[in-house]
Each structure stands twice: as C-alpha cells, then as structure tokens.
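Peer 1: Numbering (full-length UniProt numbering), first residue to last: 1 to 122. Note that beta-carbon positions come from the ideal geometry of N, C-alpha and C, so glycine has one too. The structure displayed is predicted, hence computed values, not measured ones. The structure is given below, and queries will be raised subsequently.
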C-alpha cells in the first residue's frame, strides 16, 4: 500500500500529504466494506464483493472479477478487510496508469515487455 501511494520520491516512505490521502482511502474503503458485509461476519462473500467493487467505482467483467476473487480471497472464497483494501488500491493504480497511457481515450494501449513488467509489478 505504501509503495502504491508513494508518488513523489519513490523511496517507499509516505509524506504527510500522501499519508492523508491513504488514510482517506482506507476510511472510504472501510465504509464500503461495512456496508457490504451484510451478514456482519467480518468478511465478505463473493456476491458481497461484487457489489462492494461496484460501490467503489469499479464495474468489472466476470473474468476480471473471478481473477480478483482467486487472487485476493481466502480458501473459503471470502475476503477480509486487508485484502479488500489491497485489491482496491491495486485496481485504482492500474486504472490510473491505463488512463494516463491512453491519451486518446481509445480504450487500448500498447506496451513493450519492459513497460508491461514495470506496471504489472506495482
């Protein structure tokens, strides 16, 4: 999370402004998480996750949704708050990078291998 938010120096440390932004995001994600944990179990089921992603501003196709569930959920197919936040932070960063690279808003970008590796490892 720190690396995703460290935008000025890239040294793995957050300045005050970066920390404030991170804290606001975590608070927002906590609100979404609590709202969508409809059974108050402390985790979200996969149907609850789908609604939570949408509430967070991400409309995803089934393939991407299934990949996120496979990557971020526990073996019982639930997601805890830590993994939920990690997933949303990653999604947000990936969308931000894509939009920056898609200068013509065509919905597609072209990357060479090194660029793809660089962005996919964030």
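Going by the DSSP bridge assignment, what does residue 64 pair with across the sheet?
Peer 2: None; residue 64 has no bridge partner.
Peer 1: Across which residues does DSSP place residue 44 in a beta bridge pair?
Peer 2: In DSSP, residue 44 forms a bridge with 79.
Peer 1: Is residue 121 helix, strand or coil when you go by DSSP?
Peer 2: Residue 121 falls in the coil class under three-state DSSP.
Peer 1: Express the C-alpha separation of residue 72 and residue 84 in angstroms, rounding to a whole number.
Peer 2: Each residue's alpha carbon lies about 7 Å from the other.
Peer 1: Taking the straight line between their C-alpha atoms, what separation do you get for residue 104 and residue 92?
Peer 2: Their backbone Cα atoms lie some 20 Å apart in a straight line.
Peer 1: So, residue 48 versus residue 36, is the Cβ gap smaller than 8 Å?
Peer 2: Yes, Cβ-Cβ distance for residue 48 and residue 36 is below 8 Å.
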